[in-house]
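Trainee: Heads up: the sequence lines are chains A and B, in that order.
So the first sequence is residues 1 to 315, counted in the working numbering.
So the second sequence is residues 1001 to 1327, counted in the working numbering.
We treat Cβ as the ideally placed atom computed from N, Cα and C, and that holds for glycine.
Please find one structure pasted underneath; my questions will follow.
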Amino acid sequence: MTGYLIRRLGTAIIVILGITALTFGMLHLIALSPGQIELGPKATKSAIRAFNQQVGWNAPLWKQFFTYIGHLFQGNFGWSYKDNQSVMSLFKEKAPLSAFLSAASLVLAIIIAIPLGIYQAVKRNSPSDIALTAVSFALYSMPVFLFALVLIDVFALNLGWVDPNISQDQSLSGALADSKDLILPIIALAGTAVASYSRYQRSSALDVLAQDYIKVARAKGLPDRLIYTRHLLRNSALPMITLIGLSLPALIAGNVLVEATFNIDGLGLLFVKSLQLSDDNVLLGYTLLTAILTVLGNLVADICLTISDPRIRLV
Amino acid sequence: MTSINKDPSSDQLPENDGGVDVTTTIEPPAAPGPASTDAGDLGEATTSGWKLTLREFTRNKPAVIGVAVVVFFLLFSFIGPMVYHTDQIDTNLLNTDLPPGSGHPFGTDDEGFDVLGRMMKGGQIAMEIGLLSALIASVIGTLWGAVAGLFGGIVDAVMMRIVDILLSIPFLLVVLIVASKYGASVWSFSLILGIFSWLVPARLVRGEVLTLRVRDFVSAARVMGGSKTHLIFRHLIPNAMGTVIVNITFQIADAMLALSALGFLGFGLKYPQTDWGSQVANAYQDLSDGYWWLVFPVGTALVLVVMAFNLIGDGLRDAVDVRLRRR
C-alpha cells in the first residue's frame, strides 16, 4: 500500500513537471514576447528587445525554465501585461466563484447521477429506463452552452422564474446574495456531467446485479431496498470515483463555456477575455493550474479507491 | 455464454472457413449479402468476422437510425446547397432577423443570411473538420499506441507518461489557446483538434497491442524474422482496427462538439466561412428578442449529428465486441 502510494505520488510529480515544461514551451513557442505585448505593435524592435532583456526573456531557456518553476513554487504565475497585475492576484480574485460553481455542480451531478443510474439498471429495458437513456444520451451529445441557452430560454425568458441577467458581483458572497441567479449555471454544468456519470453508473450497476452475491442476498430474503442500498450502491458506485477524477478537465472546460454563456465573472470568463486579448501568461497560467488540479484530483481519486475497495491492492 | 456456443464450433470446423481466419483477416466491411450457409446448421459460425459485425450492427436500431441521420445531414450539407440556392457571401441588411416564412424556411439572421442555407454551410464545415481531425488523431494515436505497446519497457513508460501529461491538460483550453492564434481554415482547425485528441486512441491501441503481442500469430511472425515495422503494420494495427474504427466515430462527435465550443466563444471559422457554433454565438444575444429560429434549428442539427455519431459508435462497439454478441 505504502509502496503503491509512493509510486503513484512519483508519477503525479513527473506528470506535473511535464505539464509545466509543456506550458513553458508553449509560452515561448506560440505566445508573444512580453515586449511585444507591453509595448504594442508600433514599438521598435530595439525597444522590444530592451524590454525583453529587462524582464529576463532573453536569458537561456533552461535558466528561464528553472526561474519559472521557482516562481510557481512561490505561487507566482507570471504577470498579466494586459491587466497590469500578477496572474495570481487575478486568479485569487476570481477563483472562489468558479470553485463554488464547479463544486456545487459536481455535488449536484453525483447526487442525481448515482441513484439515477442504479434506478435505470434495476429497471433495465423498461420504458422509463429507455426514456431516461434517450434523455441522457441527448444531453451527452449537447454542447454545454447550448444546454445553457435552452435553460435560459425556458426558465428565464419564457417562464420568468429567474432573472436572465446574472448578478455581476465578482465576490462569492456578493454572488451568493443573489443565489437564485446561480441555479441555472449550476444546472447547466451539472446536466452534462449527469449524462455521462449516469451512463457509467448504469452499466456498472448492471455488472454488479449479475454478481453472485446479489443472488445470495435475494435468496436469503433480503428486501430489495436493502439489496440496492447495501450491496448494489456500495459496489457499483466505486468505479465512479475514478470517473469523477477523470472528468475534471471536462468540468473545467464546461466552466469556461458556462461562465461565458451566463456572463459570470469567474476564472472561465477571465480565460475567454484573455483569449480575446492574447494575454498568454493568464491563459497558460490557467491551463497549468487546471492541469495540476486535474492530476491532484486523479491522485486523490485513486487513493480513495484503494482505501475504499479492499480488493484493489496494487502490490 | 456466447463463447461456449460459437467459438468452439468455429475452431472445430476450420475447413468450412474457406481460409477465412477470424483473428487475422482484415477486410473492409462487406456489403450486406445473404449469410453464407454452406455449413448447414452452423451457418452463423462460419461467416467471416466482418459480416458478423455488420449483421450485429444492422440489428442495433439506434445505430441504424444514427447512420440514417448522418447520411441525411451529409446530403443536406453537401447536396443541399445545389438544390437550395442562397447567397451566403453578401449581407442583406434590408432583410435581417426575418422570422421563418415564405422564401426563408428558417428565417434570416442578423446579417440577412438565409438561416437554412447557412446551416448547410456550417454542416459542411462540421463534417469535414470532424472527419479530418478524427482521422489525424487516429493515425497519430494508433501509431503511438502500437509502438509503445510493442516495444514495452522504458519506451512504453516514457510514451505513456507523455500521454498522461497531455491527458491531464483540459483539452478545450489548449485547443482554444492554439486556435485563437492559428485557427483559420478547415485544415488548420482539423490539425489543431486532431493533434490534441490522439490520446484516447493511443491508450486504447496500446491496450489492444499488449494483449495481441503475446498471441501465437505474432510470436510466429517474430520467429520468422518479421521486423518491428512489419509486426506493427501487418499484424498489430490490422487487428486493433476494430477498436480504432469504433473510436473514430466518437472522435468525430467530440471534434464537432469542440469546434462548436470554439465557434461559440468567437474563435471559429471566419467570414465567409461559418460553423454551427459561431451561428449560435451570433444569435444568443437575440434570444431575449424572441428570435428562436437563430438558435434552435442550428442547435438541433448539431445535437442530432453528434448524437448520431455517438449512436453509431455505441452500435459499432457492441458489434465489434464478440462477447456482447447475441447468440
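1) Using the C-alpha atoms, what's the distance from F1151 (chain B) back to L1212 (chain B)?
2) State the beta-bridge partners of T1108 (chain B) as determined by DSSP.
3) State yes or no: is the beta carbon of M1307 (chain B) nearer than 7 Å to at least one beta carbon in chain A?
4) Excluding sequence positions up to five away, which residues of its chain have a Cβ less than 8 Å from the Cβ of F155 (chain A)?
5) Which residue comes first and which comes last in the alpha helix (DSSP H) that contains W1276 (chain B)?
6) Cα-Cα, which of B:F1189, B:V1071, B:M1120 is closest to H1085 (chain B)?
7) Whose Cβ in chain B lies nearer than 9 Å to the Cβ of M142 (chain A)?
8) Do L139 (chain A) and D188 (chain A) count as a contact pair if the criterion is CB distance below 7 Å?
9) Taking C-beta pairs closer than 8 Å, name the residues in chain B that Y286 (chain A) reaches, listed in chain order.
10) To the nearest angstrom, report how far apart N52 (chain A) and T1229 (chain B) are at their CA atoms.
11) So V272 (chain A) contacts chain B; which residues on that side make the cut at Cβ distance below 7 Å?
12) Can you give the Cα-Cα distance for V1115 (chain B) and G1290 (chain B), rounded to whole angstroms?
13) With burial defined as no fewer than 16 other Cβ atoms inside 10 Å of the residue's Cβ, what is the status of H28 (chain A): buried or exposed?
14) Please work out which residues of its chain come closer than 7 Å, Cβ to Cβ, to I186 (chain A), disregarding the five sequence neighbours upstream and downstream, and give them in chain order.
15) Could you tell me if L1265 (chain B) is buried or exposed, where buried requires 16 or more neighbouring beta carbons within 10 angstroms of its beta carbon?
16) Which of the residues in the region 1058-1077 of chain B, read from start to end, lie with their CB under 9 Å from any CB of chain A?
17) So what's H161 (chain A) in DSSP terms, helix, strand or just coil?
18) Verify whether the separation of the beta carbon atoms of V1246 (chain B) and V1320 (chain B) is less than 7 Å.
19) For R1161 (chain B), which residues in chain A fall below 8 Å Cβ to Cβ?
20) Just to make sure I have the definition right: I need the residues of chain B whose C-beta is within less than 9 Å of the C-beta of I252 (chain A). Which are they?
21) Starting from N1239 (chain B) and walking both ways along the alpha helix (DSSP H), at which residues does that stretch end?
22) Kindly indicate the opening and closing residues of the alpha helix (DSSP H) around L149 (chain A).
23) Using a Cβ-Cβ cut-off of 6 Å (strictly less than) and excluding sequence neighbours within five positions of V1298 (chain B), which residues of its own chain qualify?
24) Just checking: is the beta-carbon of A1261 (chain B) within a distance shorter than 7 Å of some beta-carbon in chain A?
25) Should T1025 (chain B) be flagged as near chain A, meaning a C-beta pair shorter than 7 Å?
26) Would you kindly work out how many angstroms separate the C-alpha atoms of I1089 (chain B) and P1272 (chain B), rounded to a whole number?
Mentor: Working from what's here:
1) 13 Å
2) B:D1114
3) yes
4) Excluding sequence positions up to five before and after F155 (chain A), its CB lies within less than 8 Å of the CB of W161, V162, L184, all in the same chain and listed in chain order.
5) 1276-1283
6) B:M1120
7) L1257, G1299, L1302, V1303, V1306, M1307
8) The sequence given here places Ala at residue 188 (chain A); Asp does not occur at that position. Not closer than 7 Å, so no.
9) L1173
10) 47 Å
11) L1265
12) 15 Å
13) exposed
14) L101, A104, S105, L108
15) buried
16) P1062
17) According to the sequence as given, residue 161 (chain A) is Trp; it is not His. The answer is coil: DSSP assigns W161 (chain A) none of H, G, I, E or B.
18) yes
19) T11, I14, V15, G18
20) Neighbours of I252 (chain A) in chain B, taken as residues at a C-beta separation under 9 Å, are given in chain order as P1170, L1172, L1173.
21) 1237-1264
22) 144-151
23) Once the five neighbours on either side are set aside, the close Cβ partners of V1298 (chain B) are M1119, W1276, Q1279, V1280.
24) yes
25) For T1025 (chain B), the predicted structure reports a pLDDT of 46, less than 50, and the residue's modelled location is therefore unreliable. A value from the coordinates is still provided. Judged by the 7 Å Cβ criterion, T1025 (chain B) is not in contact with chain A.
26) Taking the straight line joining both Cα atoms gives about 6 Å.
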